[in-house]
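These notes are about the structure you will find just below.
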Amino acid sequence: MTHRKVDVRSSVASMTYDRLGEDGVKETGPANHRKVIQPGTDEELILHGYKSSACKAFLFYLMTLVSLGMFYLISYWKPHWGLYWKRRKCSLSEADALFLKDSDGQTHVVLVKSETVEAGFPSKYVIFSQCVSSTSIGVQNGASESTHLTEPHHRGVRYFFFQHIKYMWVPEKISFVRVYGYDHSTPISSLLNDFRGFTLQEQMQRQQLYGHNVISVEVKSYGHLLITEILNPFYVFQIASILLWSFDEYYLYATCIFIVSCLSIIVSLYETHKQSQSLHDMVEASNTSTVSVLRSTPDKTTVEVEIITADLVPGDIVVLPSTGCTMPCDAVLISGNAIVNESMLTGESIPVTKTPVTVSEENEIYSVEKHKRHTLFCGTSVIQTRYYGNAQVLAVVVRTGFSTAKGELVRSILYPRPLDFKFYKDAMKFIIFLFFIASIGMSYSVYVYILHKEGFTKTVIRTLDIVTIVVPPSLPAAMTVGTYYAQSRLKKKGIFCISPPRICVSGKTKLVCFDKTGTLTEDGLEVWGVLGIEGSKLGPPIMNVSSIHYTSPLVAALATCHSLTYLNGQLTGDPLDVKMFEATKWSLEEASQGSSNYDQVTPTVVKPSNQEMYIDPLDITHIVETPFQVPYEIGIVRQFPFSSSTQRMSVMVRKLGQQHMDLYAKGAPEVIQSLCQPESLPKDLGSVLTQYTVQGFRVIALAHRTLQTKLLWHAAQRIPRDQVECDLTFLGLLILQNMLKPETTPVICKLQYANIRTVMVTGDNMLTAISVARDCGMIGATDRVLVAKVTPPAPDHPPSLIFEPADTPDIIAQPSSSVNCGSVNVEVSNPKYHLAVNGKAWALICQHFQDHIPRIIAHGTVFARMSPDQKTQLVEELQAIDYIVAMCGDGANDCGALKTAHVGISLSEAEASVAAPFTSHTNNIECVPHIVCEGRCALTTNFSVFKYMALYSIIQFVSVLILYSAYTNLSDPQFLYIDLFIVTVLAVFMGYTGPSLELVVQKPLGNLLGAINLLSILSQIFLVILFQVIAYFYLLKQPWFEPNKPTESGKEDNVVSWETATIFYVSSFQYLTLCVTYSPGQPFRKSMFTNVWLTISLFTMTATTLLMLLCPWSWLMDLMQIKHDSNSYLMFRIALLLIAATHFVISLSTEHIIAHNSTLKKCFQWLRCKREPKNRYKTVLRDVDEDPNWPPVGTPLYGY
């Protein structure tokens, strides 16, 4: 027992040590300031070491005091700046803080922690006392104290946490490494043989290394959230603005903005706390349950004990109850079977059967992806367990806490990858541009106030006030209003989004990848018929499978080759298996513990429903009434589950009364064909297979093998799969019908009409996929399809690539001289063609023809027999040539691609499809155009509201500068009317306009600083300035006008003046005008008038402003502090109305010309000397069109 304990401990350390991937040159001393760990992976980190500096820290706090806290505030917003200011560079071995840069370019600051460990802790991590003297030693619960490790027997470790993942210091590598469990570099043999249960001491040592098995989401208190919210730059700017307005005696306005800000903070705090609580509740349930594990005792026996799940560590042996449970960790089955619902992770609601690892796999290295059929994932529901005899269902814990599959999902929610969307970058650039404009205005205001000989305090306050005007505090919030409304509308349609920024990205979608089965086609498959072998050929289709004699091997294959089980009296499993088994009309019986027919080890028995009797062949000469007469039953001894990589499954069975076992296999025809004896294959297999696949049928091949008599049950459980899945005898074909969903074809047509490419990525047969692509409209009725054929390299020839016409009836090449020159035939007879690639060809293309991948995917429409990893790889390649890619799928095999795509859409009702940004509870692809339409609408709305808010600041900026020069300013009520009642209300309701119901070819602008948008903004700025200046000079020309006089020093400005009234009226109409100007309708949004709230608001504000202009009631004018004379100057007021009306007409006309003029866009491209397309895929398509030798149909292309 002791010997095993030492070996396991050392293996833990070595595995964790070796997994880092750091094989570079070792650095020593202070030179080891920088280190790259896990290079080339998504978890790559660049580390920089820093240690405390008393001198720099003193200077930092002194500057914080002098700057009234600004230095501290900046270090809060930019932690890495604070790191530079308070610490000095050092080697990683001395660092107490680290500056990190992740693979996305994001920067982080983490503190290095230290703690003491006992003897027996993995030695690779241990630093002896002389290496860690004068360090902060913390106990495990987080408390710490400063001490000196001077005694030789003291041991210490150093580590840090980054996004809930622990990284330990390894002295030998002079670097930090990620702490892994047994999911990396662990042989299967180790999982089977090295774990029999830890002692309590071993468990505690591993817990110190791995931490507690909890996935906890901190729910911060309202007080903490309040401080965090207030320190947000947006609210700091608000607070500074409110203080500034108070100093300028704008008390009413400052009070109203303060109240509005408080309400905004309260709502934000509530929503943030609610979301954190919701996520906390979702993950917390598994942290408080208990689980049974095996523990070793001092007398070297093993006992079963119950512990809380938080105490689980990698290497623990978990005992799974027969009634099922929710998995608290990731574990590998080492005995027994388990039926698991993995919908939490994959969105696939069909339970799957997990089988134990076997000795036949003991030479393999455990991989979560490769051995997922043996792995129970954290958060999934174990519905039922099965065991043999009195054996327990046991699993070895391989990952705990945030390292588990569920932990990774939670981490992806807590720390989403940054979205590289240009709109937000451009918005920040534009805000900087507004600050530049503010500096100009500040300079002008200083000049005016010096010219007017105003006091210093007033000059400073009014100058700073320019900043609050030019850069409105609500501008960042205005950037997301369209996204918020789009998310709300999608939710009402049953489409849920966990990453709101992706909504805007979806508006730029240029290509959509679809899975086939369950996405484009119905989930359910119907058995159309089977084809058995008659002589040397396949026989005619048999529509009624149950009519075949029950002793036929073909029927036995259909009845046994599955992984079905009963759950709550319902036959459950893969839909294909269910339909196949039901077609036989056989019955399935689960083995009971009291059964002795199969040595208590056969989990499942199948037999004809009519209880036909079977006579042993040895006694066939006797009549039916013999003592050897037994029921015809087949016991399933072992299953080799289906996997996407092998594209097949098989079972080992034994018929009751027979001494030998049989193997039945089913899978993709090309795979089964390669495993069969050549003489058993029917001569017409290829032609018959083509006949059915081109019609869209799903075809499954069946095969059989009689195993050796000496193969006993125990040997059957240990024999490797490849030793029995060979030399098979071909039995026939199972034909299944998979119908298109009725919504599929209309949606594909909508997307193609909008010039959005559609691509099918499936694990199904190539010809079936092509047929479905034709049926749904991805491939036109007259379009040609060319299938990639890749020959791997051999000693006598290099790899070659050639495209052959798909063998479908309507596109078979006609015998002519042009057939040998396929590229000419493609160009002349039908210029539109589609490429089709299967998984095997794709792998060879990626290996030997990498330079041609862009060309292949630019015209590729069907990608068949693709594994999950290949689906993800395809999405990445499409993104590499600048496609904005959406991926729509419904099964576990699509999860990787859903995460990788810009817009991942999961068709699932499961809570777990949190792996995809979008989840549709409607199980068809109608959600795709809805998401694209909402994305286009949100993008257009965000641009419009942003431009409106920018113009609002410019209007007020111009107004204030004009009034400053006239010794006056807008009054508090006027500021309130403009900011709260006009701008805020309109900006909120502008985003309420819904999306257009039709997808169009045009795509919304995605560049805020593009020429069209800049021209739009600059032209409107010019018009705003022009008409305010016209109105002001028109006032100066009036014979009755008396200019405003400057007030005495120390007194308030006279805000009740004709200058203020004129600018207020004209600017108020300008805000209303620009709201209409920047509320576009078609083609991406509905008409503005469908937005009832915006229409009512516009009508109300326009009527109110007209009332103040044309019917100046005394009480209203006094309330608004507007200069008025009810009986005079009517013509002047009408003239102001005409100025506003003229601005309205010219503004609308200008925006319409700019937004809808294609000639203008071409002019900008010419001025910028734009000769190459911005997107790489356009360049690829152009090059392909200009290359007469592509695609290589007649002449092969050789690789390397």
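Those letters in the sequence shown? Residues 70 to 1269, per the numbering used here, in order. The beta carbon of each residue, even a glycine, is placed where N, CA and C say it ideally should be.
Asked	Found
Spatially closest choice to Thr-673 from Val-706, Val-699, Ala-496, Trp-655, by CA coordinates	Val-706
Element boundaries [alpha helix (DSSP H), containing Arg-571]	570–575
Cβ distance (whole Å) where Arg-1065 is taken to contact Pro-998 below 8 Å	The residue asked about is misnamed: residue 1065 is Ser in this sequence, not Arg. That belief does not hold up - the Cβ atoms of Ser-1065 and Pro-998 are roughly 11 Å apart, past 8 Å.
Option nearest Ser-632 by Cα separation, candidates Asn-406, Phe-565, Cys-795	Asn-406
Proximal residues to Ala-823 (C-beta, below 7 Å), its chain only, five neighbours per side dropped	Leu-1068, Val-1069, Val-1070
Local Cβ density within 10 Å of Met-730, reported as buried at 16 or more and exposed below that	buried
Cβ-based neighbour list, Asn-889, same chain, cut-off 8 Å, excluding 5 preceding and 5 following	Because Asn-889 sits at a pLDDT of 35, beneath the cut-off of 50, its placement in the model cannot be relied upon, and the following sentence gives the value as read from the coordinates. Gly-1263, listed in sequence order.
C-beta atoms of Leu-976 and Ile-914 nearer than 8 Å	no
Nearest-angstrom beta carbon gap, Thr-378 and Val-360 [assumed within contact, 8 Å]	5 Å
For Val-1124, the first and last residue of its enclosing beta strand (DSSP E)	That residue, Val-1124, is in no beta strand (DSSP E); it is neither H nor E in DSSP.
First through last residue of the alpha helix (DSSP H) which encompasses Pro-622	622–629
Met-612, buried or exposed, once every other Cβ within 10 Å from all chains shown has been counted against 16	exposed
Local conformation of His-618 per DSSP, three classes	coil
8 Å contact criterion, which Lys-585 and Val-841 should meet: CB distance rounded	6 Å
Boundaries of the beta strand (DSSP E) in which Val-859 is found, first to last residue	853–860
Alpha carbon of Pro-610 to alpha carbon of Val-599, nearest angstrom	5 Å
Asp-399 - containing beta strand (DSSP E), residue span	399–404
Per-residue DSSP class, three states only, for His-177	strand
Helix, strand or coil at Val-763 [DSSP, three-state]	coil
Extent of the continuous alpha helix (DSSP H) to which Ile-1086 belongs	1080–1105
Member of Val-239, Val-536, Val-1135 whose CA lies at the smallest distance from the CA of Leu-503	Val-536
Pair within 8 Å by beta-carbon distance, Ser-1148 and Thr-1062	yes
Cβ-based neighbour list, Phe-264, same chain, cut-off 7 Å, excluding 5 preceding and 5 following	Gly-384, Ile-386, Val-465
Cβ pair Ser-69, Ser-1136 closer than 8 Å	A question about residue 69 goes unanswered here, because the residues of the chain that appear run from 70 up to 1269.
Residue environment, Glu-430, which counts as buried when at least 16 other CB atoms sit within 10 Å	buried
Stretch-stretch touch, CB-based, cutoff 8 Å, three pairs: the segment 751–762 with the segment 773–785	no
Own chain partners of Glu-702 with C-beta closer than 6 Å, once the 5 adjacent residues on each side are dropped	Val-674, Lys-676, Leu-725
Start-to-end residues for the alpha helix (DSSP H) that takes in Ile-535	525–539
Beta-bridge partners of Asp-731, as assigned by DSSP	Val-722, Thr-775
Nearest to Gln-453 (by Cα), restricted to the options Ile-308, Cys-331, Thr-424	Thr-424
Contact belief for Thr-422 with Pro-710 at Cβ below 8 Å, rounded distance in angstroms	7 Å
The alpha helix (DSSP H) enclosing Leu-800, as first and last residue numbers	Not the alpha helix (DSSP H): Leu-800 falls in the beta strand (DSSP E), residues 798–806.
Where the alpha helix (DSSP H) containing Phe-264 begins and where it ends	Taken as a continuous stretch (DSSP letters only), Phe-264 belongs to no alpha helix (DSSP H), as it is neither H nor E.
Alpha-carbon spacing of Gln-1025 relative to Val-539, whole angstroms	8 Å
For Ser-605, the nearest candidate out of Glu-523, Glu-438, Pro-747 (CA to CA)	Pro-747
Pairwise C-alpha distance: Glu-411 and Lys-475	11 Å
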